[in-house]
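Numbering (the UniProt record's numbering), first residue to last: 1 to 349. Don't be surprised by glycine CBs; every beta carbon is placed ideally from N, CA and C.
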């Protein structure tokens, strides 16, 4: 049997699995991948709860800074265990700085600002709008995708859902509306960063772990520079147990552990199917917000969310005519830190 070139996510002493861009599996035993798939959706969906708790005592810029610093330390440990290393080329670090701003520093801060004004479950719904921004960015700005009739229909349907979530017939304005705009701005940042990575970072020789760690390093630096905007950051010892635990959960679990789980999902079922975890994240965000924080939804918000997800599904070819999709290279699939995310792994907040 002819051997194919293995994707650059194999490490000395610990191999990702020898999956290639041409042979990445699309299916595996349900028992093998479903628990990790659901766990990942639960982790990313719970991130909005932890943000809501964190902003009780932390300025949004400081919350994002502590969160990203914790995530950076986590992935640097993963790099050491895998005996991998950060990129060394100056050009790569310039691109990682752009991605660190739009994939990490800005959206994490915007979601925190947004949750000062709106419910955590509503922020989780807005996170699901990321693919609606990715498509026009990829088509109009980076020229990595083409807009066909199916994608145009999906995009239009998705933005109808956005208007329904906003409840525009009730009028716009006020703190609640501003909070939703902050969350949509966060999703828009992801929408810019994802095609940017595909254009300038995907397909290189660096592993997904190295690129993700690099983004977090630059994001940490940027947030450290922005920290004075929120005044003097409190020391970790000055925070309550709940807030400190939320910061650790956002960084170590929401990024570090979630990244490892997502890698495993991609190995087992392929990047395309693994990316559908996006559809479960807002469900968990809503459930956690209702059960833990006693939040409530207006009727039009979940209806709008379903329309948004339907639009995303149509634009991605998951509804309607079935078509065979070539699996993505693992280096491309693993180049985004958890996130919220919601690309693979999906950007999460």
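Item                                                                                                      : Value
Unbroken alpha helix (DSSP H) run spanning residue 279, endpoints                                         : Looking at the DSSP string, residue 279 is not in any alpha helix (DSSP H), and its letter there is neither H nor E.
CA-to-CA distance, residue 206 to residue 83, given in whole angstroms                                    : 13 Å
Rounded Cβ spacing between residue 186 and residue 102 (contact assumed at less than 8 Å)                 : Actually they are not in contact, since the Cβ atoms of residue 186 and residue 102 sit about 10 Å apart, beyond 8 Å.
Residues near residue 176 in its chain [Cβ-Cβ closer than 7 Å; skip 5 each side]                          : 117 and 118
Which of helix, strand or coil DSSP assigns to residue 239                                                : coil
Beta-carbon proximity list for residue 301, same chain, < 7 Å, skipping 5 on both sides                   : 122, 125 and 165
Expected contact under 8 Å - CB spacing of residue 307 and residue 161 to nearest Å                       : 3 Å
Pairwise C-alpha distance: residue 170 and residue 200                                                    : 42 Å
Span separating the alpha-carbon of residue 267 from that of residue 293                                  : 35 Å
Exposure of residue 168, with buried meaning 16 or more beta-carbon neighbours within 10 Å                : exposed
Residue 45 versus residue 37: straight-line alpha-carbon distance, rounded                                : 12 Å
Beta-carbon proximity check, residue 198 vs residue 237, cutoff 9 Å                                       : no
DSSP state of residue 232 mapped onto helix, strand, coil                                                 : coil
Residue 214 beta carbon less than 9 Å from that of residue 131                                            : no
Three-state class that DSSP yields for residue 252 in the structure shown                                 : helix
Residue range of the unbroken alpha helix (DSSP H) whose run includes residue 132                         : 130-136
Validate contact between the segment 245-264 and the segment 134-143 using beta carbons, cut 8 Å, 3 pairs : no
Residue 107, DSSP secondary structure in three states                                                     : helix
Straight-line gap, residue 212 to residue 224 (C-alpha atoms, nearest Å)                                  : 18 Å
Status (buried if at least 16 other CB within 10 Å, exposed otherwise) for residue 94                     : exposed
Contact under 9 Å by Cβ, residue 32 with residue 250                                                      : no
Residue 195 - DSSP class collapsed to helix/strand/coil                                                   : helix
Coil, strand or helix - residue 87 by DSSP                                                                : coil
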